[in-house]
Every structure is written in C-alpha cells, then in structure tokens.
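> In our numbering, the protein residues as written are 21 to 150. If you scroll down you'll find the structure; I have some questions about it.
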C-alpha cells in the first residue's frame, strides 16, 4: 500500500467554507479543536466549564461539518484540555455534533494511555497508513 503524506495544513474556517473542494484536494483527515473552533463559551459562563449549558456551537460549524461529513473524510474532534474524552463526547452529544466525528480525543486520554506522541501525531498515526 502506498505511503500517504502526513502534511498538516491549517486553514481558517471561513477560507475552508468558501472553497471546500479546492481545500480538500489530497486531504483524508480533518481535525477540529473542540474548545477553540467547534464551541464558544456563553458570555455568562466560565471558560473552564465542561457543562453543555456553558457552550454554544460556533456560527457556521454545523454546516461545515455536514459538508465535510458528506465527502467521506475522517473527521476528528480534539482538545488539549485535561478533559476525559467521555466528558468531551457528552458535551458534543448535548450539542448534537457527535455523529459527524469518526473519533473524539483528548490530551487527557493520551496521558492515560502513556502515549509519548503529541496528540495530533497520534491521531494521524491511527487514521493514516504508516
């Protein structure tokens, strides 16, 4: 099996939405940071909270996730916060977003598993051919 490129590209949400086909050429995995891209804290909420009521879905994210999901890409939800992935999954379920993601990972899970790789690299290793 041919080796896949592990080149990581960072693109703004607005740029990605504008020209989705062009941005997705050669890409097989897209990841989103839960607390900086997918969700925004409510004004009255404490930023560190993991309660669903403290967060709102970022404008345009549901439409973008739906478009990406329809292309068949692997979509991953990530966070570097010390939040277990089960808590993260419950938060995304409360916002009706879990069905878009192939997997949900947290840096707390990487620590628990004793994985020495930085989080994005471990996700790439799991979903792309070595």
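Cβ atoms here follow ideal geometry from the backbone N, Cα and C, with glycine treated the same way.
1. DSSP has residue 77 in a bridge; who is on the other side?
2. Helix, strand or coil, according to DSSP, for residue 53 in the structure here?
3. Can the beta-carbon of residue 84 be found closer than 8 Å to that of residue 97?
4. What do you reckon, are the CB atoms on residue 76 and residue 60 nearer than 8 Å?
5. Express the C-alpha separation of residue 44 and residue 94 in angstroms, rounding to a whole number.
So, from the data block:
1. 59
2. strand
3. no
4. yes
5. 12 Å
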